[in-house]
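Listed in order, the protein sequences are those of chains A and B. The first sequence begins at 1 in our numbering and counts up by one. The second sequence begins at 1 in our numbering and counts up by one. Backbone N, C-alpha and C define an ideal beta-carbon position, used for all residues, glycine too. Here the structure comes first, spelled out in structure tokens, and everything after it is commentary.
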Amino acid sequence: MDIEIIRKDNGLLVNIKGRMDALMAVEFDRAFDKLIQEGGKNFVLDMSELNYVSSAGLRSVLATYKKIKGTSGKLLLCGLGGVVKEVFDISGFASIFQVFDTAEAALANL
Amino acid sequence: MTTTPPDPGRLCITMCNALNELPRLNQSVQSFLQQHEAPPPAVFAANLALEEMITNIIKYGYDDSLSHDIRITLTREPGRLTVRIEDDGHEFNPLSQPPPDTSPQIEKRKIGGLGIHLVRRTVDAMWYRRREGRNLLEMIIRLPSDTEPAAPSTSNAGSCPGT
Chain A
1 MDIEIIRKDN
11 GLLVNIKGRM
21 DALMAVEFDR
31 AFDKLIQEGG
41 KNFVLDMSEL
51 NYVSSAGLRS
61 VLATYKKIKG
71 TSGKLLLCGL
81 GGVVKEVFDI
91 SGFASIFQVF
101 DTAEAALANL
Chain B
1 MTTTPPDPGR
11 LCITMCNALN
21 ELPRLNQSVQ
31 SFLQQHEAPP
41 PAVFAANLAL
51 EEMITNIIKY
61 GYDDSLSHDI
71 RITLTREPGR
81 LTVRIEDDGH
91 EFNPLSQPPP
101 DTSPQIEKRK
111 IGGLGIHLVR
121 RTVDAMWYRR
131 REGRNLLEMI
141 IRLPSDTEPA
151 APSTSNAGSC
161 PGT
């Protein structure tokens, strides 16, 4: 999994690519912990280039959401498609997060 | 981790109970499924089933810090792919687990506990039995008929030499 971080005027756009499995979820947690520690507050998580996610990935996204919420920040999701959308739908996660079609739409709502 | 190719329609892997074995398992499974032209939804279902069930075994299956073998068999037959996992961990029947909390209130959602639910919703059938101190879990993933192999396998799904 690759994690690309793009600084925008109103927050950080984090683009995750590839597989988000049990091992990669650890990298994800580490990357977000660092961003939050550095003062990052509002985030858009772009999943349009993610092609696999397991429960470990879901667990990390939810844990990250709770950390960001703890700093009064926001985490919005975008670009859910294919099997990633399927996993979010089955788990009910699609309805508990604010999900947008595109990064632009999510950034406009930060 | 050892990989035995007893017949072209079957992949047998023995891995130890360590999370860092997962990438190699994934690689072997990936190339087996590619070789058998498994469609993307079946590849996803197989990957998810293996990751969720094996991480559960590694995390919760053992009280000791010894190395244990986990045996994995993938069998490709006409119209279906069978994923079989055998381990000597604590007795654990994934089919008897209650459904997880799927409440829509984000603050109330517990972290974790979703893996088995995801697999049960993704594979087409699942069987479990405990035999001679081992857990045997078999999951069936249906394949569309147009991707069936030309020559039907005569294999009896799931068993590898030495299992």
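Put simply, the backbone Cα of N135 of chain B is about 27 Å away from that of A25 of chain A.
A distance of 8 Å or more separates the beta carbons of F44 of chain B and Y65 of chain A. Cβ atoms of M1 of chain A and E27 of chain A come within 8 Å of each other, at about 6 Å. The three-state secondary structure of Y52 of chain A, taken from DSSP, is strand.
Bridge partners of G18 of chain A according to DSSP: A:L50. Taking the C-beta atoms as reference points, G115 of chain B is found nearer than 8 Å to S54 of chain A. DSSP lists A:G11 as the beta-bridge partner residues of K8 of chain A. If you compare the alpha carbons of B:V83, B:V123 and B:L11 with that of Q35 of chain B, the shortest gap goes to B:L11. Nearest to L35 of chain A by alpha-carbon distance, out of A:L50, A:L58, A:E4 and A:L62, is A:E4. For V83 of chain B, the enclosing beta strand (DSSP E) stretches over residues R80 to D87. Look at the beta carbons and you see the stretch 74-85 of chain A not touching the stretch 78-96 of chain B: under three pairs across the two are nearer than 8 Å. Contiguous alpha helix (DSSP H) elements confined to the stretch 17-76 of chain B occur at 22-35 and 40-60, taking only those with 4 or more residues. The beta carbon of I6 of chain A sits closer than 6 Å to the beta carbons of L13 from its chain, once the five residues preceding and following it are set aside; these are given in chain order.
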